[in-house]
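Data first, discussion second: the structure below is written as structure tokens.
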């Protein structure tokens with residue numbers, strides 16, 4: 185809503201912006217949802233992304249997918265609870281256990297009364313199975329005896345990805361596989377997850393949410409139990425984007441009755457390539473008075489009387505400019521009388 189501020193800002197009346205929502209989703213899709221637990225982050229490691237669902241009373245539960253992912257981020261969690269995931273080696277020894285309590289990591293309940301979980305576990309040597317327990321009751325198990333899916337990407341991605349969207353299509357030798365789509369802006373060194381686990385074999389990428397790059401990749405990862413297969417596109421380019429800009433104050437149509445009244449200008453912007461931007465990159469402009477000043481927040485008493493269109497321009501390091509406008513009135517508006525014959 186126009187009257188609210190991005191919840192990552194310092195202002196009251198918060199609401200999540202489209203960009204912030206997408207950025208948080210990209211993180212939550214690749215790490216466990218257990219922010220309350222003590223964590224230790226390890227970057228650029230291989231991990232097993234395990235997801236499933238369960239009844240909170242432990243009467244039932246199942247594993248949905250287990251993706252073996254390269255170059256991801258692994259969270260080592262120190263938690264406890266009646267539910268646990270166990271990685272088992274070829275000697276039937278549980279070499280890694282992740283216990284959890286449902287109140288700490290559950291998402292919104294599903295229609296069938298089950299709740300979901302997602303954990304990114306370390307990809308240790310000689311893992312032959314992942315088991316899901318409630319207390320000492322085995323609820324479900326994935327093993328490495330399943331057939332490995334071979335993924336073929338059917339979409340030919342252009343050398344320069346442009347436009348609003350791009351639909352990726354693929355096939356797998358295991359028809360009941362689960363799939364994830366990932367994007368790398370640096371030729372596979374780091375990855376961003378574009379989808380949660382899904383069964384569909386197509387996905388439409390919102391190109392406008394991809395950061396600019398000269399070494400982009402898409403990867404399709406397929407999971408069949410604890411066995412994964414993947415395929416990558418050829419390297420492509422994505423044009424860099426101008427900053428996304430929002431004026432937080434003043435609201436459009438605001439009227440300042442007193443001449444010389446302090447006008448607070450407040451804006452926010454984010455750039456896909458640069459991330460957060462500095463105050464010097466924010467420029468406020470009036471169509472009546474010219475440049476007002478620079479900064480995310482600016483106070484001025486020098487606006488002339490009359491109607492103003494206020495423009496906030498934000499320039500990134502590629503000299504691309506994002507801008508937005510709002511209209512305000514300084515002083516009392518004068519209206520000529522309307523004569524009715």
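Numbering (the working numbering), first residue to last: 185 to 525. The beta-carbon is built from N, C-alpha and C at its ideal position, and this holds for glycine as well. Just so we're clear, the structure is a prediction, and the values are computed from it rather than from any experiment.
As assigned by DSSP and simplified to three states, the class of residue 481: strand
Residues near residue 219 by beta carbon distance below 8 Å, same chain, minus five either side: For residue 219, the predicted model reports a pLDDT of 34, less than 50, meaning its position is unreliable and no value from the coordinates is stated.
Anticipated Cβ contact below 8 Å, residue 333 with residue 357, distance rounded: Contact holds; Cβ gap of about 6 Å.
Segment limits, beta strand (DSSP E) that includes residue 306: For residue 306, the enclosing beta strand (DSSP E) has its first and last residue at 299-306.
Proximity of residue 250 and residue 265 at Cβ, strictly below 9 Å: no
Candidates 391, 424 and 483: closest to residue 367 by CA position: 391
Delimiting residues of the beta strand (DSSP E) encompassing residue 493: 490-499
Endpoints, the beta strand (DSSP E) within which residue 516 is located: Unbroken run through residue 516: none, as it is neither H nor E.
Helix, strand or coil at residue 463 according to DSSP, with G and I counted as helix: Helix.
DSSP bridge partner residues for residue 415 (one or two, in chain order): 404
Counted within 10 angstroms of its Cβ, other Cβ atoms place residue 480 as buried (16 or more) or exposed: buried
Cβ-Cβ separation, residue 268 to residue 317 (assumed contact under 8 Å), whole Å: Going by Cβ atoms, the distance from residue 317 to residue 268 rounds to 5 Å, so yes, they are a contact pair.
Cα-Cα separation, residue 501 to residue 399: 19 Å
The region 475-494 / the region 437-452 touching (three or more Cβ pairs under 8 Å): Taking 8 Å as the limit for Cβ pairs, the verdict is that the region 437-452 does touch the region 475-494.
7 Å CB neighbourhood of residue 472 in its chain, flanking five on each side removed: 488, 490 and 492
Beta bridge counterpart(s) of residue 344 as assigned by DSSP: 421
C-beta contact flag for residue 361 and residue 407 at 9 Å: yes
C-alpha distance - residue 510 paired with residue 454, whole-angstrom precision: So the alpha carbons of these two residues sit roughly 19 Å apart.
Own chain, CB closer than 6 Å to residue 513, minus 5 neighbours either side, in chain order: Closer than 6 Å at Cβ, skipping near neighbours: 439 and 491.
Span of the beta strand (DSSP E), counted from its first residue to its last, around residue 390: 386-390
Of the residues 370, 403, 327 and 355, the one placed nearest residue 383, counting alpha carbons only: Answer by Cα proximity: 355.
Sequence-distant residues of its chain with Cβ nearer than 8 Å to residue 322 (five each side left out): For residue 322, where only same-chain residues beyond five positions count, the Cβ hits under 8 Å are 315 and 316.
Three-state secondary structure (DSSP) of residue 393: helix
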